[in-house]
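Protein chains in written order, with numbering that gives the first Met the number 0: chain R, 0 to 364; chain P, 0 to 364; chain A, 0 to 364; chain Z, 0 to 364. For each residue, glycine too, the CB sits at the ideal point set by N, CA and C. Please read these numbers as outputs of a predicted model, since none were measured by experiment. Notes follow once the structure below has been shown.
4 protein chains.
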Amino acid sequence: MSGSSFGKIFRITTWGESHGPGVGVVIDGCPAGIPLCEEDIQRFLDRRRPGQSKYTTRRNEADSVEILSGVFEGKTTGTPISLLVRNQDQRSKDYGNIAVSYRPGHADYPFKEKYGFRDYRGGGRSSGRETIGRVAAGAVASRLLNELGITLCAYTKAIGPYTVDEADYDMSQITENSFYMPSSTAAEKAGEYVSSLMAETDSCGGIVECVADGLPVGIGEPVFDKLDALLAQAVMSIGAVKGVEIGDGFSAASSVGSRNNDPFRMRDGKVCKETNHSGGTLGGMSDGARLILRAAVKPTSSIAKTQHTVNESGEEIEISIHGRHDPVIVPRAVVVVESMTAVTIADLLLQNAVSKLDNIKKLYS
Amino acid sequence: MSGSSFGKIFRITTWGESHGPGVGVVIDGCPAGIPLCEEDIQRFLDRRRPGQSKYTTRRNEADSVEILSGVFEGKTTGTPISLLVRNQDQRSKDYGNIAVSYRPGHADYPFKEKYGFRDYRGGGRSSGRETIGRVAAGAVASRLLNELGITLCAYTKAIGPYTVDEADYDMSQITENSFYMPSSTAAEKAGEYVSSLMAETDSCGGIVECVADGLPVGIGEPVFDKLDALLAQAVMSIGAVKGVEIGDGFSAASSVGSRNNDPFRMRDGKVCKETNHSGGTLGGMSDGARLILRAAVKPTSSIAKTQHTVNESGEEIEISIHGRHDPVIVPRAVVVVESMTAVTIADLLLQNAVSKLDNIKKLYS
Amino acid sequence: MSGSSFGKIFRITTWGESHGPGVGVVIDGCPAGIPLCEEDIQRFLDRRRPGQSKYTTRRNEADSVEILSGVFEGKTTGTPISLLVRNQDQRSKDYGNIAVSYRPGHADYPFKEKYGFRDYRGGGRSSGRETIGRVAAGAVASRLLNELGITLCAYTKAIGPYTVDEADYDMSQITENSFYMPSSTAAEKAGEYVSSLMAETDSCGGIVECVADGLPVGIGEPVFDKLDALLAQAVMSIGAVKGVEIGDGFSAASSVGSRNNDPFRMRDGKVCKETNHSGGTLGGMSDGARLILRAAVKPTSSIAKTQHTVNESGEEIEISIHGRHDPVIVPRAVVVVESMTAVTIADLLLQNAVSKLDNIKKLYS
Amino acid sequence: MSGSSFGKIFRITTWGESHGPGVGVVIDGCPAGIPLCEEDIQRFLDRRRPGQSKYTTRRNEADSVEILSGVFEGKTTGTPISLLVRNQDQRSKDYGNIAVSYRPGHADYPFKEKYGFRDYRGGGRSSGRETIGRVAAGAVASRLLNELGITLCAYTKAIGPYTVDEADYDMSQITENSFYMPSSTAAEKAGEYVSSLMAETDSCGGIVECVADGLPVGIGEPVFDKLDALLAQAVMSIGAVKGVEIGDGFSAASSVGSRNNDPFRMRDGKVCKETNHSGGTLGGMSDGARLILRAAVKPTSSIAKTQHTVNESGEEIEISIHGRHDPVIVPRAVVVVESMTAVTIADLLLQNAVSKLDNIKKLYS
């Protein structure tokens, strides 16, 4: 069915396979009048591009974006924004084994069962290249959010078992290491760890954290379209993500009410919270505090280490997946998590605009 | 905006406040021909009813469901199923402080900001009674899933810091203790813990786990409507849930690829997996193994313990929330998590039915 | 599938069969703060109630509406508004023939084929009572539109071949005759015509016209969700409607550009049109002129005259449909057309609110 | 808001402006396994291409389509199909007057009011080129329908006042004249009429008729997503369409029940109808008879004849629109109406697949 769209007002539809002509996204429902150029989007895409360090794959794809519609004289027109990125590095090759085998940890088997056959080239639609459309859309959403004073920041909180402690956070370090970690010491340990795994032809996962500041209070719709619920969908829909939490998340399960509740206070004549265990949401709506979410990313499934599996003929075989694969996908997932967060907030922010008659009257009089 | 609906084909719309005339749900898109009676739904509702143990509130509401449409001669007709539960225990009372104060951990403040005013009686739309519609819909979804050989089971994995170890699981115990835990010893420790918190007028949270067996392979739509992504939205949208994970979830973040990948094997001529770290999904589609998800539930926000907060006039005050509140909401959340899981699977199962031309031809010839 | 909902932001979901416990609607996405009471809705329902003249059925149903949720202290809360009308006149009777025969002009046959069986009592879901939910929702939408200075008016333009000429329009007559026609002479002729058909146990159709004034310019979304396109869906989805046109409609097909184009002019410093052949829309958006639409309503299908048909066993039979049926449904369709128009405009008006960054900034600063 | 998508399962999203880099469509939810190549789509696009006769514009655009995704080894994969047509004939020119004036009959004025500014080049998003995405999607939908034995045929029923009588229909003539009329004599008269209008620098409209054969019974969802209701939206959303009718349409309004009802009969052991006044739908579902719909198309708005209008500064001016414009758009609208009909049927056909438990069981066992 049609599962390639996300959002209700600010609605994105991604398309494309890793080895077809290209990948892209159509953004429908973006308000008119937002300054936007290709460079705004390219900056985001460059953050997920491979070939940036020894810990990411050596493919060298430019991933240049082309704006096909929806922008006129440097501003969005209110009509759909179509963005295209051509696939460039499509080496014709013999997929051999891969074409008829189910790689462990990959979507090959369910894809075959669901559709009757599958595009076996590089994972087809379940390739990491599918995230290009998400990131391009995230760039546009961020442009809108920035106009309203909302800013987002995502980074790596953990690589394998190496986690950045709350006390060690140094945001200025994020762009200074290959892992986008807010701590040089944690990044150093992570580097050693990943190097050792590479030597063993193994891989690891980690945790991405994303924060957003400046959200007005009340963003998010009660019941099913809660801010945290849609963020959970948005982030869990990213390929390798296996868990999502907001604020204290799973730790809240072992806390007590008197500690977990965030007391309200007045500061400078404004309501605010003394603590932020809730991670910026109450009842599924933004509560004025910083929005905090975390995503658990599983270890890269493609490893050169020999694994057991079966092929389409139902024979048990051994498989060793060679090629240019990231030993850890987390650093490249950072901008994807940030992008999906931006898209989710943008959509709910527009939804919230029509929540009360006073707002409508303000616009139509 | 319209955030009270969930699902695309099997689509539920809940409505109702805790202190209005009633709560309910409309289920649109349920296939015709499913045997259904009020008793099927009542059985589910009874599982979330208050007044069942000393650890849940002493309100005594029958929560009797009435089928208003969509069922004829004991079978669903294919037209919308409207279900109504009247609110019975609506003591008229003086809300006093509560009506003009923001309770910590509750949605009062964002509700007021979003809509300009709020229904302060018992939390209004953000009350736990909102889940009645979810559970009634879950009963119908389960009826459909059962017809196809799919079964679900949810239970409490942890109360505060007391977790049931994998080794201790005894499913027969689930209905034998007030917490729905699959372990009598864990339930006993949990009981002592909750009693001690009640003495301190405090509260705690916990973890709900839900498993599903019998899913065909390929359920879930690639990209945004992945099985795990929609489960994440569905479960995170339940009032007190702060985190969701699938399979190994957050633990996968610190694992390695060679351990986290589940090797495929042939068993009895069928493809299956040796392990199930993925929790039954690959690429967002069911992979034939048991589906496993967990939800982190925060401690009950309403506590009698004195807390700091502010009122609508912007004054800092102290608040103590009396009334009939569960010291831990987890046991009553169990059936809600199971229901949302059932609704999500039912919807994606119907979506998957039209995934390939062969299926369509089978139906139209 | 789920086809019982309409609208994206102001989203209505109707449910109910003619001979079940009741019918109703859930309105999700209605902005908070709109004054609303049961009397507002009852007034609309009373306009479609049977038993009002000798030309409509003699069933005497009160059709009292109950607001089950979404209204607090006389104002909408922003959460779903659930409205219930109990079915009262459910005489238990022997459906005999009807239960196993396909009535010509009715939905019996496709219903049976689609769902495998059908609720044969009074047409089930395809009964005219399904429109009660539409009208109740239309009352709420109108309440919102009125707050913004938008007013609607629907009436009967033709009964069978008797049409009200443009020159004869006298709006004050609409409520003065049983047909809601804006002309006493046309109504008189229509009365004689319908009486003669009743004598022959036959029936007739007619045309409903609806106009709306006060729409801001730009309501309607380009491409598929054009104002006129959604009005066409909304109105064509009413049971007996077989055609919809906007402005000059089908007459425009035989006009020429120089006559059909409406020249723009300035009046009192404002842009306006000299003529209004377009019926108030340009490019699918409101153009500031009066919105005009017409719906063709077919003759009532239920007639006592003997007709050929077949039964479920595949036998050719004769059928004569007795009971309380309107010889012409048009007068009761008037408020339904007005209601669907109101719902469509309300939804698109809310959608348009977020069309440009300037609007968003106005609300979030 | 996001109004550029149509359909729920087979969901199309069009994008693009007349003078941007290109136009296109993303089709999400197309079942896997349908044979599809660029030539299938090109054939449809060629039917709407300008430069085909003296009655259509002399622009010479190849409108070559590129499949960017969703097709592998000659078959659809079940993932989104992205189709791109580059704009080729974008002469840079001085829009002068047009850029700041509101052309009568065009969307310029509401576009400006809605979005704050507008892409004035060739109508931007409201250009006829927007229909390229519709037609490309229609080609894919038709490919699916053909696999199931459903065929569509659209043609011109009237040019201005010149209508093809029922008795004169000769389907073999449709491709033999520039107007796609099923009658050579009517086409000849239409040709003379259009020539005379061209001499006067005026334009005309007409009526497109579309029929579909082979639909299974029961396609269309009761209530809002009726087959006829969604066809009405689909067809009315085409630029110049001002009216839509099904079967006898507006004529049914002046008929009587005993004549308008189509009696059921048995033929070759199958239920069928003696007549087809209903145009193939009952209660919004297909009834086994031929589906018949008509669309009223207004005269081309762009005429060289001098017209009154105003500019953005609020001055009354005179305007004469030169350039390459069709004196009548009807012939090029034929394939657009057929395409939108195909897309609507395809979507509802997939929706209907999951209408009953028996169908679901057939697929999952």
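- As far as DSSP is concerned, Y54 (chain R) takes part in no beta bridge.
- Annotation: Cβ neighbours of T78 (chain R) in chain A (cutoff 7 angstroms, chain order): P221.
- Pairing P79 (chain R) with S126 (chain Z) gives a Cβ-Cβ distance that is not under 8 angstroms.
- Interface with chain Z (8 angstroms Cβ-Cβ cutoff): M0 (chain R) is included.
- The beta carbon of G204 (chain A) sits closer than 6 angstroms to those of V296, K297 and P298, all from its chain and outside the five residues before and after it, given in chain order.
- Spanning the alpha carbons of I218 (chain P) and K156 (chain P) requires a straight line of approximately 26 angstroms.
- By the Cβ rule, the stretch 103-119 of chain R counts as touching the stretch 30-43 of chain Z, because three or more pairs are nearer than 8 angstroms.
- The C-beta of S319 (chain P) has fewer than 16 other C-beta atoms within 10 Å across all chains shown, which makes the residue exposed.
- The criterion of a C-beta distance shorter than 8 angstroms is not satisfied by S300 (chain R) and E16 (chain Z).
- Here Y154 (chain A) carries a strand assignment [DSSP, helix/strand/coil].
- Separation of A185 (chain R) and S194 (chain R) (C-alpha to C-alpha, rounded to the nearest whole angstrom) is 14 angstroms.
- The alpha helix (DSSP H) runs lying completely inside the stretch 147-195 of chain A and spanning 4 residues or more number zero.
- A61 (chain A) has a beta carbon lying at 8 angstroms or more from every beta carbon in chain R.
- The C-alpha of S171 (chain A) lies about 7 angstroms from the C-alpha of P181 (chain A).
- A198 (chain A) sits exposed, since fewer than 16 C-beta atoms from the chains shown fall within 10 Å of its C-beta.
- At a cut-off of 8 angstroms between beta carbons, D357 (chain Z) contacts chain P.
- Spatial neighbours of H276 (chain Z) in its own chain (CB-CB distance under 8 angstroms, excluding positions within 5 residues in sequence) are listed in chain order as G246, D247, A251, S254, R258, N259, N260 and D261.
- Here A345 (chain Z) is near F9 (chain Z), since their CB atoms are less than 8 angstroms apart.
- Segment contact: the stretch 121-136 of chain A against the stretch 279-298 of chain A, fewer than three CB-CB distances shorter than 8 angstroms; contact not assigned.
- Taken atom to atom, the span from the alpha-carbon of V309 (chain P) to that of G213 (chain R) is near 21 angstroms.
- Going by DSSP, I302 (chain P) is part of no alpha helix (DSSP H) at all; its letter is neither H nor E.
- Counting only residues of its own chain and dropping the five nearest sequence neighbours on each side, D201 (chain R) has a CB closer than 7 angstroms to the CB of I302 and K304.
- By the rule that beta-carbons nearer than 8 angstroms mark a contact, T340 (chain R) does not touch chain P.
- The Cβ atoms of S236 (chain R) and K225 (chain P) sit closer than 8 angstroms to each other.
- The beta carbon of V243 (chain P) lies closer than 6 angstroms to those of A231, V234, M235 and A294 in the same chain, with the five residues before and after it left out.
- Residues are counted here when their Cβ sits less than 9 angstroms from a Cβ of chain R; for the stretch 101-116 of chain Z these are F110, K113, Y114, G115 and F116, given in chain order.
- Under the Cβ distance rule, K241 (chain A) counts among the residues neighbouring chain Z, one pair being separated by less than 8 angstroms.
- Of all residues in the stretch 14-46 of chain A, only W14, G15, E16, G19, P20, G21, G23, V25, D27, G28, A31 and G32 come within less than 7 angstroms of chain P when Cβ atoms are compared, listed by chain position.
- Nearest CB-CB separation between D267 (chain A) and chain P: not below the 8 angstroms threshold.
- If the five residues before and after G278 (chain R) are omitted, its C-beta is found closer than 6 angstroms to the C-beta atoms of I245, G246 and I291, all from its own chain and listed in chain order.
- Within the same chain, Cβ atoms closer than 7 angstroms to the Cβ of A228 (chain P) are found at G283, the five residues on either side in sequence being excluded.
- Exposure of P160 (chain R) is indicated by the presence of fewer than 16 other C-beta atoms within 10 angstroms of its C-beta.
- Between Y363 (chain R) and chain A, the shortest Cβ-Cβ separation is below 8 angstroms.
- Cβ neighbours of V216 (chain Z) within its own chain (closer than 7 angstroms, five residues either side excluded): S285, D286 and G287.
- Apart from the 5 residues on each side of it in sequence, D167 (chain R) sits with its Cβ closer than 6 angstroms to the Cβ of S182 in its chain, given in chain order.
- In the structure shown, the three-state DSSP call for V240 (chain A) is strand.
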